[in-house]
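Under full-length UniProt numbering, the first residue of the sequence shown carries the number 1, and numbering increases by one thereafter.
We put the beta carbon where it would ideally sit given N, CA and C, even for glycine.
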Amino acid sequence: MRSDGIQEIGSRRTRVLVWLMHHVFILTRGMTMGVRAACFDNSGRIFLVRHTYVPGWYMPGGGMERGETALEALAKELREEGNLVASSEPELFHVYYNRNASPRDHVLFYRVTVEQTAPRSPDREIAESGFFSLDSLPDGVTAATLRRLQELQGEVERSDYW
């Protein structure tokens with residue numbers, strides 16, 4: 001597995017977009033909390049997505065809506081971003097403070113085994129997606145994604161910061 005990666009919020013365009021989104025969230029949410037998961041298939045491959053609006057490859061996930069539990073949000077994001085369904089109970093790996101996105105953002109990070117019900121077609125949100133061997137990840141995987149994978153494998157200590 002690679003040891004470096006691209007920054008999630010590096011370009012000016014991405015910083016402005018994230019800043020705008022989080023200012024909307026200030027009005028609609030007291031604190032932002034999201035879910036993200038390392039989704040492995042039965043062959044041990046990781047599922048990654050590349051969004052249309054930010055650079056890089058990510059593990060699937062997203063923000064929790066008001067009145068939604070973490071596991072409901074996780075199931076929704078897996079379905080929406082990859083046509084994925086859990087074939088094992090999601091295991092909470094760690095809770096991270098995502099100060100890169102906002103001083104109010106936290107991420108619940110899970111590990112789960114999944115099955116894909118159908119290939120995920122590109123659309124306005126997801127440019128491409130797929131399962132990848134850990135020793136053959138696509139170019140442009142984010143640094144945070146690589147760190148989470150290293151933490152999961154016990155190669156580095158868990159950080160409290162996304």
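Which residues in the same chain as residue i place their Cβ atom closer than 7 Å to its Cβ, once the five residues preceding and following it in sequence are excluded?
| i | result |
| --- | --- |
| L71 | P90 |
| G61 | G34, V35, R36, A37, E77 |
Using 10 angstroms around the beta-carbon of residue i, count the other beta-carbons present and answer buried if the total reaches 16, otherwise exposed.
| i | result |
| --- | --- |
| E125 | exposed |
| E65 | exposed |
| Y58 | buried |
| Y110 | buried |
| T32 | buried |
What's the C-alpha gap between residue i and residue j?
| i | j | result |
| --- | --- | --- |
| R99 | Q116 | 32 Å |
| H106 | D160 | 10 Å |
| Y96 | E8 | 15 Å |
Taking 8 Å as the threshold (C-beta atoms), are residue j and residue i in contact?
| i | j | result |
| --- | --- | --- |
| R4 | A143 | For clarity, residue 4 is Asp in the given sequence; the question names Arg instead. The answer is yes: Cβ separation under 8 Å. |
| T113 | S133 | no |
| V18 | A73 | no |
| Y129 | R50 | Checking the sequence, you will find Ser at residue 129 rather than Tyr. Yes, they are a contact pair. |
| F93 | L146 | no |
Residues in the same chain with beta-carbon distance under 8 Å from residue i, minus the five sequence neighbours each way, listed in chain order, please.
| i | result |
| --- | --- |
| N83 | Q116, T117, A118, P119, R120 |
| S11 | P55 |
Between which two residues does the beta strand (DSSP E) carrying residue i extend?
| i | result |
| --- | --- |
| R50 | 46-51 |
| T32 | 32-40 |
| A127 | 126-132 |
With a CB to CB cut of under 6 Å and the five nearest residues on each side skipped, what residues in its chain are close to residue i?
| i | result |
| --- | --- |
| Q150 | V156 |
Between which two residues does the alpha helix (DSSP H) containing residue i stretch?
| i | result |
| --- | --- |
| R148 | 143-152 |
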